[in-house]
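Before any comments, here is the structure.
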Amino acid sequence: MSTAAQSPTEAATPAAATSIFRRNMRDFADNRLALVSAVVVVLFVLMALAAPLVAPHDPNATDLFRRLQPPAWMEGGSWSYPLGADALGRDILSRIIYGTRISIFIGAAVILVATTIGILAGLAAGYLRGWTDVAISRLVDILLGFPYLIFAIGLMAMMGPGLVNIILALAYKEWVIPCRVVRGETLVTRELEYVEAARALGASRGHIMLREILPNILSPVIVVSTIRMAHVIILEASLSFLGLGVQPPTASWGAMVADGRAFILESWWVSTFPGVAILLLVLAINVASQGLRDAFDPRFSE
Amino acid sequence: MTKLHRTLMVSALALCTAAPAVSAQELVVGFTRDADTLDPANHRNRETETVIRNMFDGVLTRDSSMEIHPQLAESYEQVSPTVYDFHIREGVQFHDGTEMTAGDVAFTLRRITEEGAMGDGQTSPRQSLMGPVESVEVVEGNTVRVTLSEPWPLLPAMLPFQEVVSQDFVEEVGTEGMATQANGTGPFELVEWRRGDSIIMERFEDYYGGAEGIPPVDTACVERAIFRIIPESASRVAALLSGDVHIINELPPHSVAQVENNSGTEVMTVNGTRSFFIAMNMENEIFDDIRVRQAVAHAIDRDLIIDRILGGNAEAINGILSPDAFGKNDELEGYDYDPERAQELLAEAGYPDGIEVTLDVEGAFRDTAQAVASLLTDAGINTQVSVGEGTMLTQQWRTEGEPKTGDMYFTSWGNGSLDPQGIFVPTHMTDARGNSAGYANPELDALLEEAAVETDRAERAEMYQEAEAMAAADAPYVYLWVPQDIYGVSTRLSGWSPSPDSRINLHDACLD
Amino acid sequence: MTDTAASQPLLSVSGLRTVFETRAGSVFAVDGVDVNVRRGECLGVVGESGSGKSVTFSSVMGLIKPPGRIAAGEIIFDGRDLRALSPAEMRMVRGGEIAMTLQDALTALNPALTVGAQIAEMIEAHDPGLPRSEPARRRAIRTRAVEMLGLVGIPSPDERLRQYPHEFSGGMRQRIMIAIALASRPRLLIADEPTTALDVTIQAQVLELITELRTELGMSVVLITHDLGVVAEHCDRVMVMYAGQVVEEGPTAEVIADPRHPYTKGLLGSIPRIELRGQKIQPIEGQVPELIDLPPQCRFYSRCALAGADCLKPIEMRRVGPDRQARCIRTRKEVGA
Amino acid sequence: MSLTKLIERLLQLVPVLLGVSVIVFIMMALTPGDPVEIMIGDQNISAEQEAQMRRDLGLDEPVHQRFLTFLGNAVQGDFGTSFYHRRPVSEVIAERLPATIELSLVALILALATSIPLGVVAAIRKNSVLDRLATVGSLLGVSLPGFWFGILLLMLFAVHLQLLPVAGRISYQSEIEPITHLLLVDSLLRGRLDAFADAARHIILPAITLGLPMTAILTRVTRTSMLEVMRTDYITFAEAKGLSRRRVIYRHALKNALIPTVSVAAIETGSLLGGNMIVETVFGWPGLGRLVVESIFVRNFPLVQAAVLLYAVTYVMLNFIADILYTVLNPRVKL
């Protein structure tokens, strides 16, 4: 909440949009926890990009003689495999570092695809109304009727494993969420004066939707997207956990947790560390996006 | 507030006290999977049969060393190559108190083998397990005669897979009722089936005692036997370690040490009946060359993988048959681990710079396949593992002669009967269902066909030994190993040992 | 104050400063305000949005919550220092002795509770004379609730007790809010913009009602409004506020006839003709300054036509006639002493 | 709630269910893999026998024919026969459903019982230590991957501390004559406190794992909406009436603040059902979620189709319930 709006002095002066944006960014920066989280997210991204430079080992190099080697600080561990080794003697730290790529790439790709589709569908439904709205809204209802994981599992079974297929399987349903947000916002915005004005001036529908309406409803969409990204990362991990994720030996955190599950009684580190990685990244995204939301869109709540 | 506090404390305490005590006479099995149905004739699932087998007896059975014994039959004989007579015991009761007759046995077998006999136009999915049975009828009071349309020496080996039901009961409750009710002649009768959770059985006090050849002949030792469904292997192990269950199946190799080190539990193993191998697609240009196939065989260090990943719980094989199987050729040389030789062979075949291939595998064996792939890659056979769902790989690789896609397939074939025909024919006959390599050798085909109907055991064994040698020479597969089935058991358990067909028969099991 | 004890005011506020701490700095929403409300009188409080008039009386009611706080000042109600009371004692004063109505009855009435329940809880909280036994108590409360609704002119009040606020028209809701406020028989009613949300004819009715009830119940009324016309019709005295300060104060007739502060003058100039009343009009060019880091000068300086160099210092309230004060050094000459 | 609105609602179900059936049917039809192959397993089998098995499962007909048959039967309440259980899928689902319902309900109740008080207290003591804890807790709650967290709980409480059982719904020793098939309810109805404690011990970890994200979300929603309500005029007016703080919060604020909480709770209950399969897998809970996932893997088409339809109906009904609760809490809205 921006405090100025909240003070009962009713003294808030109208300000230009840019200064609001600047104030929002300032509010965001003032939120120390959110800032730290944003830094953590950036670190994860950098780690993903620089994986070959920072990972101590080839993530897929197996060494059966290091099978289930414990982390460095435990008996039998060594600092060249700081977090220990998995069932094939692969370095867990390196696999976590490479796994960052999968999580972030899938998270970002799904959100990008879903948000693009969602924005277009939502704009069309909310602005054009009529049968377009009916058709899109029905489709949204139908997709919402499927439990997310079941839908994704079914699609993965249909399309087979693989990176692109995971992105598609998740995006097929994920777009519904930005779509609903955009549709709702568009319904309100289309009645506003400046949109009326543009219509009166004979602007095309496409122009009105993309140039007049879209920029004004973007901030709730961005906020929703960042929150959903955290969610998608967990979903990808869940799919991998159920054995429907990326192809091995590609490291995916969810698959690492799943693989380690069988060894958890005697080799707890195999699934614990990738789980911590998921938690850290998702938590950082969530905290940062909550900070964004508080700064940009005080009225928005999940 | 304080009152609420106290209530909370009390309930918390109540929640933390131990579960109801396990009685000495209750034997609990931590089991991987629930039964699909309780109808012995209406499933195709091994676990389902394991459960059912404790409530239903068969005409014949096996002991834990796979020896066949008459069970509900007193004896049986082969009248001619196509006719078998089974003399059915008298005085055996079903759980509902009615007497089991030869008529029930004939009814049971007809229900399985006749088309549409399950009612509603449906045929038993177990029909194909009964081979070329033409008719089943009662002759001379207590004798059931099974007539085959062609000689099939496997019949006695396959009959332990079928359990006897009561004709009256089936007619009363119908096939649908059979799915959830059990009225067998077995040592335990059904108390309750909690779907997905547990199957609770209690001792059938009027049990006739079971197969004469498998002592003790008596009612079951424990009062109750319970199958608890615990699919997660770590949870299953945990349940064993904490004493909640007394037997667990599919103990993961890496948990063996833990179970052994825990006081009160121990590990039991038995050679399984499932042979693991890698099929190389011979329709593929690369693998059409025997030198490439041999190179693959030389590149895999089976002992290393058995030792490191399977915890030593497997036996390497040089042919398709399990070491325990009838007709196993013990003289086979096999391909030793020799990566240099592999590279030489590749070079000879025209691939001095190695080859790029994929290895298809089902998710459950991805680790092992990954290890195999690393070894292959080290030897110049750059192998990418591709994990697929079992059913999709089946479609891709079990084409029965239709064109196949893919390079290599890490797979296995189970052979519960341990009779060579059950594994040799489907995997090595031209265009057979399990012939994923696309291997075609008319000479071998002829030999296998001949062996199938050969009734002289010694003769037949020799034929299979020859067949194994013939196949090994062509190397359509890399024969890997037969893993042991590993069980974790409580030290309180006696009178039970694991059986290669992975049955868990609890008739003689006792707890102290 | 040199007033004699006989005419001691019912409410006497002096030197009130209410501050809101914000990230941008301290906002002095009320900055040194003195108010006197006499027994039985109707005091009109006039000012634009942000002038501090609502905050002043929220402070009196003890309704200022963090990040706001009362930094200084004395609030004496009927001889008691309200700032020294315990929270429980203050609760009895609030609602019981000083009641308040808010600008918009639509938002001030709880949408999820029936009108009856909302009146009943007021009676229950402040009437010590209610019977002990539960059924008798309920009956007494109900009778009184019906009586109150009847008093403010709600037809068939008995049935309408069960209804929710949204089932009433705007004017009705305003009456209900007044009924609730008066249900405890308070001695002072603070009516915060009671008519802004209503249309013209209803406005008049509601104001008539307040005036009627004031004489009938013998209470004092503070009428907070931005509409001098309303004050002219209904109030004995008027107090004009600007940017957190009182700028002029005096008997209504005199102030209207002869305003002594340019701001009051501006307000008067902007009184719309009767047919336009209720419409919002920007009274004077310019805007109320932000109340953060104000320079020590006349706060009306930037908008004042009379502003001169001597206005660039703090300006005090001055007596400008019997019972009149204003915060301007320029208009003094015109008064002529 | 007018009757026409109710009928309108029910009619809205029709296109959704039809759409869901079409999609799930197409998905299943396009999915490679053959249940007959799975059933045959490692056996050599004649082509006739294989054809026979396919015919028995009704898989010999072309897809569009199968779809029409499915629709025609489904309208009459017949969802087909489970390939593996060889019984009507409705029966198989009905047997597994109570476990899932019980787990979801307990998770829901846990979530509501912790999130609402926590959200309210966090809001009225904004910026207090408790508020900060609630904020951190709710962020953690939505960020914890359920499958991993479940495993950790299991390891800690069931394996290392051995305080709770590792798997299942109830000990096999506890036998309760079923009434509702919800074990916690039945054991109480039968006056079996021992069985109740037993069932509670089994359900607690899965319910916490399942309910955690929902608890986190609802805490946030409650806190936000409570803060918003506390800023409204009617709260100021209620305070101006001199009411006690307790009364202002619990009578005036809470009822209004709960409106968004209830809507979100209804929607989240839908995702609770979706999250069941993970929790059921980890904790060996004999519910529907696990069965559906297994059924997808073994291409048990009729069961998957029926279960997905059931999920869709549940989802629509939950929205419906949310609407009803909305009107109950919010007299302004008339359905």
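Protein chains in written order, with the working numbering: chain A, 73 to 374; chain B, 697 to 1208; chain C, 3 to 339; chain D, 42 to 376.
Note that beta-carbon positions come from the ideal geometry of N, C-alpha and C, so glycine has one too.
None of the values given here were measured: they were computed from a predicted structure.
Practice item. Quick one: grab the DSSP three-state call for Ile-943(B). Key: strand
**Asked** What residue ranges within the stretch 87 to 168 of chain D form continuous alpha helix (DSSP H) runs of no fewer than 4 residues, ordered along the chain?
**Response** 88 to 97, 104 to 116, 130 to 165
(request) Kindly indicate the opening and closing residues of the beta strand (DSSP E) around Trp-1109(B). (result) Taken as a continuous stretch (DSSP letters only), the beta strand (DSSP E) holding Trp-1109(B) covers 1104 to 1110.
> How many Å lie between Thr-85(A) and Thr-24(C) at the Cα?
Replying inline: Confidence in Thr-85(A) is poor, its pLDDT being 37 and thus under 50, which makes the residue's placement unreliable; the coordinate value appears in the next sentence. Near 15 Å, if we compare the C-alpha coordinates of Thr-24(C) and Thr-85(A).
Using a beta-carbon distance below 7 Å, is Gly-60(D) in contact with chain A? yes
Under 7 Å by beta carbon: chain B residues contacting Gly-315(A): Gly-1059
Which chain B residues are close to Met-94(D), counting only those with a beta carbon under 7 Å from its beta carbon?
Pro-821
Straight-line CA distance for Thr-744(B) to Pro-250(A)?
46 Å
Once the 5 residues before and after Tyr-356(D) are set aside, which same chain residues still bring their CB inside 7 Å of it? Gly-311
With burial defined as no fewer than 16 other Cβ atoms inside 10 Å of the residue's Cβ, what is the status of Trp-1177(B): buried or exposed? Residue burial annotation: Trp-1177(B) is buried, with at least 16 other C-beta atoms found within 10 angstroms of its C-beta.
task: Would you grab the beta carbon distance between Ile-191(A) and Val-248(A) for me? Rounded to a whole angstrom, and I think it's under 8 Å.
output: About 12 Å separates the two Cβ atoms, so there is no contact after all.
Who are the Cβ neighbours of Ala-302(A) in its own chain at under 6 Å, not counting the five residues just before and after it?
Val-354, Ile-357, Asn-358
Check: Which same chain residues, not among the five before or five after Ser-304(D), have their C-beta less than 7 Å away from its C-beta?
Finding: So the list reads Ala-363, Tyr-367, once near-sequence residues are dropped.
**Report entry** Continuous beta strand (DSSP E) stretch holding Glu-962(B): start and end
**Finding:** Glu-962(B) -> beta strand (DSSP E) spans 961 to 967.
For Leu-329(D) and chain C, any beta-carbon pair shorter than 7 Å?
So no, Leu-329(D) is outside the interface.
| message | Residues of chain B with CB closer than 8 Å to the CB of Ile-86(D), please, in chain order. | response | Ser-824, Arg-1129
- Closest residue to His-994(B) among Ala-769(B), Ile-784(B), Thr-881(B), Gly-1030(B) (Cα-Cα distance): Gly-1030(B)
Handout entry: C-beta neighbour in chain D for Ser-310(A), strict 7 Å
Key = True, the Cβ-Cβ gap to chain D drops below 7 Å.
*To the nearest angstrom, report how far apart Phe-188(D) and Tyr-220(A) are at their CA atoms.*
15 Å
Could you check how far apart the C-beta atoms of Cys-44(C) and His-228(C) are, in whole angstroms? I think they sit under 8 Å.
Incorrect: roughly 17 Å between the Cβ atoms, too far for contact.
Requested in this report: Compare the beta carbon distance of Ala-248(D) and Leu-151(D) with 7 Å and say whether it is the shorter of the two.
Outcome: yes
| task | Could you check what DSSP says for Asp-227(D) in three-state terms: helix, strand or coil? | result | helix
Notebook entry, point to check: In three-state DSSP terms, what is Ala-144(A)?
Noted result: Here Ala-144(A) sits in coil by DSSP.
Cα-Cα separation, Leu-1000(B) to Val-941(B):
Rounded to the nearest whole angstrom, the CA to CA distance from Leu-1000(B) to Val-941(B) is 33 Å.
Taking C-alpha atoms, which residue in Glu-979(B), Glu-1155(B), Glu-908(B), Arg-1199(B) lies nearest to Ile-944(B)?
-> That would be Arg-1199(B), whose Cα lies nearest to the Cα of Ile-944(B).
Practice prompt. For Pro-321(A), go through chain B and note every residue whose CB falls closer than 7 Å to its CB, in chain order.
Written response: Gln-1066, Val-1081
**Prompt:** Leaving out the 5 sequence neighbours to the left and right, which residues in its chain are closer than 6 Å to Gly-99(D) when beta-carbon positions are compared?
**Reply:** Apart from sequence neighbours up to five positions away, no residue of its chain approaches Gly-99(D) with a beta-carbon distance below 6 Å.
Worksheet item: From Arg-340(D), Ile-365(D), Gly-328(D), pick the residue whose C-alpha is nearest to that of Ile-142(D); which is it?
Response: Gly-328(D)
Strictly below 8 Å CB to CB, what residues from chain D border Pro-113(C)?
Tyr-275, Asn-297, Asn-371, Pro-372, Arg-373
For this session: With 9 Å as the C-beta to C-beta threshold (strictly closer), list the residues of the stretch 206 to 227 of chain A near chain D in chain order.
Result: Those would be Arg-210, Leu-211, Asp-213, Ile-214, Leu-215, Leu-216, Gly-217, Phe-218, Pro-219, Tyr-220, Leu-221, Ile-222, Phe-223, Ile-225, Gly-226, Leu-227, in chain order.
key: Simplified DSSP assignment, three categories, for Tyr-772(B)   = Tyr-772(B): strand per DSSP, three-state reduction.
task: On a CA-only basis, which of Pro-849(B), Gln-863(B), Thr-733(B), Ala-921(B) is nearest Pro-883(B)? Give me that one, please.
output: Ala-921(B)
*Comparing the C-beta of Val-1185(B) with each C-beta of chain D, is any distance below 7 Å?*
For Val-1185(B), not one C-beta of chain D is nearer than 7 Å to its own C-beta.
Since His-950(B) meets chain A, which of its residues come closer than 8 Å, beta carbon to beta carbon? Leu-140, Ala-159, Ala-334, Phe-335, Glu-338, Ser-339
Open item on the list: Given a cut-off of 7 Å on the beta-carbon distance, is the pair Ser-310(A) and Ile-337(D) in contact?
Closed with: no
Partner residues on chain C for Glu-269(D), Cβ-Cβ distance less than 8 Å: Residues of chain C passing the Cβ test: none, with the nearest at roughly 12 Å.
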